[in-house]
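As structure tokens, the structure follows; a few thoughts come after it.
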Amino acid sequence: DLWFHSMIALAHYDLSPADVVAELSRREGLSGLEEKALRKAKQREKTGE
653 DLWFHSMIAL AHYDLSPADV VAELSRREGL SGLEEKALRK AKQREKTGE
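Residues in the sequence shown are numbered from 653 upward in steps of one, following my numbering.
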């Protein structure tokens, strides 16, 4: 059931399993705290803070 619903969600957002694998590869070696800090920094750049 989980895999089926995951595939439905991916299709809804026009994503493929390969997109998920690519994102996981991009994040490899990056801690959750580092990834969160990068997201916050990017958001600040967008808003000009």
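The beta-carbon is built from N, C-alpha and C at its ideal position, and this holds for glycine as well.
What do you reckon, are the CB atoms on residue i and residue j nearer than 8 angstroms?
i: Leu662; j: Ser668; result: yes
In whole angstroms, what is the alpha-carbon distance linking residue i and residue j?
i: Ala693; j: Glu701; result: 9 angstroms
i: Asp666; j: Leu654; result: 18 angstroms
i: Gly684; j: Leu690; result: 10 angstroms
Rounded C-beta distance between residue i and residue j? I'm assuming under 8 angstroms.
i: Arg605; j: Glu687; result: Given a span of 653 to 701 for the chain in the structure shown, any question on residue 605 remains unanswerable.
By the DSSP assignment, the alpha helix (DSSP H) with residue i in it spans what residues?
i: Ser658; result: 654-664
i: Ser668; result: Note, Ser668: premise wrong, no alpha helix (DSSP H); not H, not E.
i: Gly684; result: 684-699
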